[in-house]
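Count along the sequence shown from 1, then add 4; that gives the number in the working numbering. Each remark here refers to the structure printed beneath this line.
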Amino acid sequence: MLTENTITKLQEMRMSVMANAFKEQLTDPNISNLSFEDRSGFL
């Protein structure tokens with residue numbers, strides 16, 4: 005639920021590229037090994 009809210013909020017703020025990158029991270033098994041800071045940096 006929080007993930008959907010985050011994506012919706014990013015789109016509302018006209019940050020669709022960041023929302024798409026976030027969605028891509030959710031499907032990439034390699035990215036789950038990274039820290040929050042590293043994942044945020046990739047966005």
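Even for Gly, the Cβ is constructed at its ideal location relative to N, Cα and C. Note that the structure is predicted; figures quoted are calculated from it, not measured.
Mind the definition here: the segment 10 to 19 touches the segment 31 to 38 only if three or more C-beta pairs lie below 8 Å; say whether that holds.
Not touching, per the Cβ criterion.
Look at the Cβ atom of Gln29, then the Cβ atom of Leu6, and state whether they are nearer than 9 Å.
For the purposes of this step, residue 29 is taken as residue 25 along the sequence shown, with counting starting at 1. For the purposes of this step, residue 6 is taken as residue 2 along the sequence shown, with counting starting at 1. No. Outside cutoff.
In whole angstroms, what is the alpha-carbon distance linking Ser44 and Phe26?
By 1-based counting over the sequence shown, the position of residue 44 is 40. By 1-based counting over the sequence shown, the position of residue 26 is 22. So the two alpha carbons sit approximately 9 Å from each other.
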